[in-house]
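Below is one structure, written out as structure tokens; comments come after it.
Numbering (the working numbering), first residue to last: 12 to 243.
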């Protein structure tokens, strides 16, 4: 289902010659090596490749969790490498929401309380927090479970709740690391369709890492990594 983008879509994240190196014992290893790509608003991008190919490292660079040794990552008009620590934290909070494969929902809290905790970082008025939570849960089809604890819903519903939490943050970009890793094939396809819809209807720049070919096939852009480099 991949296809060309509308020429009206605007670039949001631009990676140019990005390299991230680590030491493995005494050997220097490039987890990401000379990576260049552009991710647009309204675009759903899937990063694929075998385990250890650099997918998670690349997502960390895109979401300002980690920083490159060479090259640049520009989000909007801000080069992450040129920002101070406070500015980097602000860019992380206001530009990119992250969805993890483990969902990271607190088991003792309801879905409402989990989303409210994340939104507390934004210091929104109570009415706006309430509106965002209900709208986000409605967008992923589980607003009727708003007062349930994560342990009282299915794994697919937990995946939707984690996605709703990111939607509620209302950032221009959403990054997800293996968001369908623990789901059955049908539920994974449903979550993949939600991610594509989020890009197309809300103009969000959605970037995921995935091993799931069905989910990847829903993306507008597929980028394959092998040993940290783009694999044509």
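Where is the CB? At the ideal position from N, CA and C, for every residue including glycine.
Counting only runs that start and end inside the region 68 to 116, the beta strand (DSSP E) elements of at least 3 residues fall at 81 to 86, 107 to 111. Restricted to the region 16 to 50, the beta strand (DSSP E) segments that are unbroken, complete and at least 3 residues in length are 22 to 35, listed in chain order. The closest CA to that of residue 212, considering only 228, 150, 226, is found on 150. A direct Cα-to-Cα measurement between residue 236 and residue 71 gives close to 15 Å. With fewer than three CB-CB distances shorter than 8 Å, the region 152 to 171 does not count as touching the region 207 to 227.
Residue 82 places its beta carbon less than 8 Å from that of residue 28. Between residue 78 and residue 40, the alpha-carbon positions lie close to 15 Å from each other.
Fewer than three beta-carbon pairs drawn from the region 126 to 143 and the region 52 to 72 are found closer than 8 Å, and the two stretches are therefore not classed as touching.
In this structure, residue 102 lies away from residue 239, with their beta-carbon atoms at least 8 Å apart.
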